[in-house]
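One structure is given here, and the rest of the page talks about it.
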Amino acid sequence: MSLAAPDPSAGPAAALRRALASRSFAVGLAITLLVAAVALISLIWTPYDVTHLVVADRMQPPSLAHPFGTDHLGRDVLSMIMLGARNSIAVALVAVAIGMGVGVPLGTFAAARGGLADELLMRFSDLVFAFPALLSAIMITAIFGPGAVNAIIAIGIFNIPVFARVARAGALSLWPREFVLAARAAGKGPTLITVEHILPNITNLLLVQGTIQFALGILAEAGLSYLGLGAQPPMPSWGRMLFDAQTRMVVAPWLAIFPGTAIMLTVLGLNLLGDGLADVLDPRLRRRR
Amino acid sequence: MTAYLLKRLAIAALTLVAASLMVFAVLEVLPGDPARLMLGLNASEDAVVALREQMGLDQPMIVRYLAWAGDMLRLDFGRSYTYSVPVIDLVAERLVVSLPLALIALALSTAIALPVGLFAAARRGSAGDTLSMGAAQVGVAVPNFWFALLLIYVFAVWLRWVPAGGFPGWGAGAWPALKALMLPAVALALPQAAILARVTRSALIEVLGEDYIRTARAKGLPQSRVLWRHALRNALIPVLTIIGLQFAFLIAGTVIIENVFYLPGLGRLIFQAITQRDLIVVESVVMLLVAAVIVVNLLVDLSYALVDPRLRTPA
């Protein structure tokens, strides 16, 4: 009895090895996990209570007691950054979920049906793309009231056409393939084919786009909360912290440095992770790089 | 070519109409009476009635939409409620700040991104490539308003080379005005340049793998000529697409950046109008900006035909 030797390039272990060999992926994953861990820890513990204002300790430079210093109300900046991570991640993640949840069914449906449905979807996404996303998000949050929930909706709406387009393009390239043809010959309908054959094969594409939109969502949330349209006090947000830092930057530069670095690091981590994922999941792309 | 042109024009026109319906609808579905909303709860009944009449709120919706769209086409945007001046005057006054700002930023980002992308693609895999693309990764991740704060700290507070904010107006001479726009333009340009450099590099690398590049090299053309004459021209379509898309990002970016620098531009006008619920200004300016984005994207589409002769002949 002879067993064929397992293909060393297949299997999850090999995939993980390949993934960690990609520098972008490894660094991106490390940063992303760090930020996610910080956000999770903030659910149960932060060094200080940020709703507790200690005016005597205001505007303290970084020290052992307050590694990132304190702000104009005596709040610990490190604790605020930890809570800010939770806020940013929550907003961007739900916005991605909205975009995927609505966009992917739309895109795969358009690809399966073609014709008028497809044309309508493409023109609709042209229309949404004509509205500068951040400008419209500002309008939505300002009109329907500032706050984390409206920020999520505003950012999420603009993720919809992005995912619809990616899903459509991915699905269109699969429909002429033999295995789809075989499924059609077996009498499966478009919905079943989409669920059983198309979706599993565009997961990679969606995952890569998901990390990109996640990073863009973090930036958009920061912009909105800088303008005072995101999460409302006492919930700290990175953008709001930068707004508060602006007028005090000369005497307390740490107030501007730490939240900005947090945003940059998070977005950088996600972008590297997305690049790395694209490399790992699609070796064809890798050769071109 | 004519068919391509007509199709793009028709799509642009349709998008514009649909966009106007959308802007109109958003303000239409607002809870409550727009006039009451704008005037606040303490307004007298007379004032509300007068404003309702001015806004034509007593007319049916379709009549109001057609009247509004017709006025827009004639560049008659109505009067701002908060500033009590025609919206068109407000827009003109603010445009002389925002338009130069956006154009300088666009020029700056293109001027940085093209050489960097070209350099990185030509020396793919080298230390220079890794370094410049690493810098681009960081550039994409930096929120532009944070970068703006750092610029203010270094160049306005510390070195005192340029003002930290505000705008002296063009009347005081071109130099002080340009100086006031310099930091905002750099802040706007940096993330855009980072994205554009990455796109330029990957578009070029794609093109550099083509057979005609090998042919050009095989016949002994120098590297610079291969890059500029053969590769860059063919890589221009994705690059132009991104430059066109960046226009929309720049417009949205001005809303935040103008707030950081207290610049009296269109972005700050619209932000203030939104917070003051001056809906007449909001819907006009949003519509104008959307129209600008649609026109720019149309121009980009048409420029493809200039860059790529294959698009000039009917398929």
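Residue numbers (numbering that gives the first Met the number 0), protein chains in the order written: chain A, 0 to 288; chain B, 0 to 314.
Glycine residues also receive a C-beta, built at the ideal position from the N, C-alpha and C atoms.
According to DSSP, is B:L297 part of a helix, a strand, or is it coil?
Counting from 1 along the second sequence, the entry for residue 297 of chain B is found at position 298. Residue state, collapsed to three classes: helix.
Quick one: list the residues of chain A neighbouring B:V281, beta-carbon separation under 8 Å, in chain order.
By one-based count along the second sequence, residue 281 of chain B stands at place 282. The contacting residues are M138.
Return the chain-ordered list of same chain residues with a C-beta closer than 7 Å to the C-beta of A:D56, the five sequence neighbours on each side being excluded.
As a working note, residue 56 of chain A is residue 57 in the first sequence. Excluding positions up to five away in sequence, the list reads T69 and G73.
Residues in its own chain within less than 6 Å of B:V115 by CB, not counting five upstream and five downstream?
Numbered from 1 along the second sequence, position 116 holds the residue referred to as residue 115 of chain B. Correct list, in chain order: S131 and A196.
Would you mind telling me which residues of chain B sit closer than 9 Å to A:L204, beta carbon to beta carbon, in chain order?
On the first sequence, residue 204 of chain A is found 205 positions in, with the first residue counted as 1. Those do not exist, as A:L204 stays about 17 Å from chain B at its closest Cβ, beyond 9 Å.
Report the rounded CA-to-CA distance for A:G273 versus A:R112, giving the unit in angstroms.
Against the first sequence, residue 273 of chain A aligns to sequence position 274. Against the first sequence, residue 112 of chain A aligns to sequence position 113. Rounded to the nearest angstrom, the two C-alpha atoms are 30 Å apart.
Does the beta carbon of A:M248 come closer than 7 Å to any beta carbon on chain B?
To locate residue 248 of chain A, count along the first sequence from 1; it is residue 249. It does: the Cβ of A:M248 has a partner Cβ on chain B nearer than 7 Å.
As an exercise, report each continuous alpha helix (DSSP H) stretch of at least 4 residues that is fully enclosed by the region 51-126 of chain B, in chain order.
List check, alpha helix (DSSP H) in window: 60-72 and 86-121.
For B:L191, does the count of other Cβ atoms within 10 angstroms reach 16, so buried, or fall short, so exposed?
On the second sequence, residue 191 of chain B is found 192 positions in, with the first residue counted as 1. As written in the sequence, residue 191 of chain B is Gln, which differs from the Leu given in the question. It counts as buried.
B:A314 CB to nearest chain A CB: under 7 Å?
Numbered from 1 along the second sequence, position 315 holds the residue referred to as residue 314 of chain B. Note that B:A314 scores 43 on pLDDT, short of 50, meaning its location in the model is unreliable; the coordinates nonetheless yield the value given after this. Cβ-Cβ to chain A under 7 Å: no for B:A314.
Using a C-beta cutoff of 7 Å, does A:R286 count as contacting chain B?
For this step, residue 286 of chain A is matched to residue 287 along the first sequence. At A:R286, the pLDDT of 44 sits below 50, so the modelled position is not reliable; the number obtained from the coordinates is stated separately. No, A:R286 lies away from the interface with chain B (no Cβ there is under 7 Å from its Cβ).
Between which residues of its own chain and A:Y225 is the CB-CB distance below 6 Å, once the five residues before and five after are set aside?
For this step, residue 225 of chain A is matched to residue 226 along the first sequence. Hits under 6 Å: G238, L241 and F242.
Where in the region 194-258 of chain A do unbroken runs of the alpha helix (DSSP H), each at least 4 residues long, occur, reported from the N-terminal end onward?
Taking only runs of at least 4 residues, the alpha helix (DSSP H) segments lying wholly in the region 194-258 of chain A are 198-225 and 237-245.
Go through its chain and collect everything with a Cβ distance to B:A291's Cβ below 8 Å, but skip five positions before and after it.
Position 292 of the second sequence holds residue 291 of chain B. Closer than 8 Å at the Cβ level, and outside the excluded window around B:A291, lie F246 and I250.
Hey, could you find the ends of the alpha helix (DSSP H) A:F108 is sitting in?
Taking the first residue of the first sequence as 1, we reach residue 108 of chain A at position 109. First-last of the alpha helix (DSSP H) with A:F108: V76 to R112.
Can you give the beta carbon distance from B:V280 to B:L268, rounded, assuming they're within the 8 Å contact cut?
By 1-based counting over the second sequence, the position of residue 280 of chain B is 281. By 1-based counting over the second sequence, the position of residue 268 of chain B is 269. Indeed they touch by this definition, with Cβ atoms about 7 Å apart.
Which one of B:M54, B:A34 and B:G55 has the shortest CA to CA distance from B:V47?
Numbered from 1 along the second sequence, position 48 holds the residue referred to as residue 47 of chain B. Of B:M54, B:A34 and B:G55, the residue nearest in Cα terms is B:A34.
Less than 7 Å separating the beta-carbons of A:V37 and A:A91?
As a first step, residue 37 of chain A must be located in the first sequence, where it is residue number 38. As a first step, residue 91 of chain A must be located in the first sequence, where it is residue number 92. Against a cut-off of 7 Å, the Cβ pair of A:A91 and A:V37 comes out as no contact.
Taking the straight line between their C-alpha atoms, what separation do you get for A:W174 and A:A110?
For the purposes of this step, residue 174 of chain A is identified with residue 175 of the first sequence, where counting begins at 1. For the purposes of this step, residue 110 of chain A is identified with residue 111 of the first sequence, where counting begins at 1. When rounded, the distance between both Cα atoms is 8 Å.
If the criterion is Cβ atoms closer than 7 Å, does the pair A:T193 and A:T107 meet it?
Here the question's residue 193 of chain A lines up with position 194 in the first sequence. Here the question's residue 107 of chain A lines up with position 108 in the first sequence. Yes. Within cutoff.
Any Cβ of chain B within less than 7 Å of the Cβ of A:G259?
Taking the first residue of the first sequence as position 1, residue 259 of chain A is located at position 260. It does: the Cβ of A:G259 has a partner Cβ on chain B nearer than 7 Å.
Could you run through the region 152-180 of chain B and flag, in chain order, every residue whose CB is less than 7 Å away from some CB of chain A?
So the close ones are Y152 and V156.
Return the chain-ordered list of same chain residues with a C-beta closer than 7 Å to the C-beta of B:A314, the five sequence neighbours on each side being excluded.
Within the second sequence, the letter at position 315 stands for residue 314 of chain B. The predicted position of B:A314 is uncertain, since its pLDDT is 43 and thus under 50; a value taken from the coordinates is nonetheless stated next. Correct list: empty, nothing qualifies.
Given a threshold of 16 other Cβ atoms within 10 Å of its Cβ, counted over all protein chains shown, does B:I255 qualify as buried or as exposed?
Walking along the second sequence from the start, residue 255 of chain B turns up at place 256. By the 10 Å Cβ count, B:I255 comes out buried.
If you reduce the DSSP assignment to three classes, tell me which class A:R287 lands in.
Locating residue 287 of chain A in the first sequence gives position 288, where the first residue counts as 1. With a pLDDT of 43 at A:R287, under the threshold of 50, the modelled position of that residue is not reliable, and no figure is offered here.
Measuring straight from C-alpha to C-alpha, what distance separates B:G55 and B:F76?
Taking the second sequence and counting its residues from 1, one reaches residue 55 of chain B at position 56. Taking the second sequence and counting its residues from 1, one reaches residue 76 of chain B at position 77. Going from the Cα of B:G55 to the Cα of B:F76 covers about 14 Å.
Can you give me the start and stop residues for the alpha helix (DSSP H) that A:L171 sits inside?
Locating residue 171 of chain A in the first sequence gives position 172, counting from the first residue. Counting along the chain, the alpha helix (DSSP H) containing A:L171 begins and ends at A147 to L173.
I'd like to check one pair, A:G209 with A:V95: are the Cβ atoms closer than 7 Å?
The sequence position of residue 95 of chain A within the first sequence is 96, counting from 1. The sequence position of residue 209 of chain A within the first sequence is 210, counting from 1. In contact: A:V95 and A:G209 (Cβ atoms closer than 7 Å).
Which term fits B:G200, buried or exposed, when burial requires 16 or more other beta carbons within 10 angstroms of its beta carbon?
Residue mapping note: residue 200 of chain B aligns to position 201 of the second sequence, counting from 1. It should be noted that the sequence gives Arg, not Gly, for residue 200 of chain B. Buried, because 16 or more other Cβ atoms sit within 10 Å of the Cβ of B:R200.
Return the CA-CA distance between A:S62 and A:V76, expressed in angstroms with no decimal places.
Taking the first sequence and counting its residues from 1, the one referred to as residue 62 of chain A is at position 63. Taking the first sequence and counting its residues from 1, the one referred to as residue 76 of chain A is at position 77. Going from the Cα of A:S62 to the Cα of A:V76 covers about 11 Å.
Thinking C-beta only, is A:A255 closer than 7 Å to B:L189?
Walking along the second sequence from the start, residue 189 of chain B turns up at place 190. Walking along the first sequence from the start, residue 255 of chain A turns up at place 256. No; because the gap between Cβ atoms is not below 7 Å, this pair is not in contact.
Do B:A184 and B:L89 have their CB atoms nearer than 7 Å?
In the second sequence, residue 184 of chain B corresponds to position 185, counting from 1. In the second sequence, residue 89 of chain B corresponds to position 90, counting from 1. Cβ distance not < 7 Å, so B:A184 and B:L89 don't count as in contact.
Quick one: is B:F76 near chain A, going by C-beta distance under 7 Å?
Locating residue 76 of chain B in the second sequence gives position 77, counting from the first residue. Not an interface residue.
To the nearest angstrom, how far is it from the Cα of A:G98 to the Cα of A:F162?
Sequence index remark: in the first sequence, residue 98 of chain A carries index 99 (1-based). Sequence index remark: in the first sequence, residue 162 of chain A carries index 163 (1-based). Straight-line Cα distance between these residues: approximately 6 Å.
Check A:T69 in the structure and name its three-state DSSP category.
By 1-based counting over the first sequence, the position of residue 69 of chain A is 70. DSSP places A:T69 in strand when its eight states are reduced to three.
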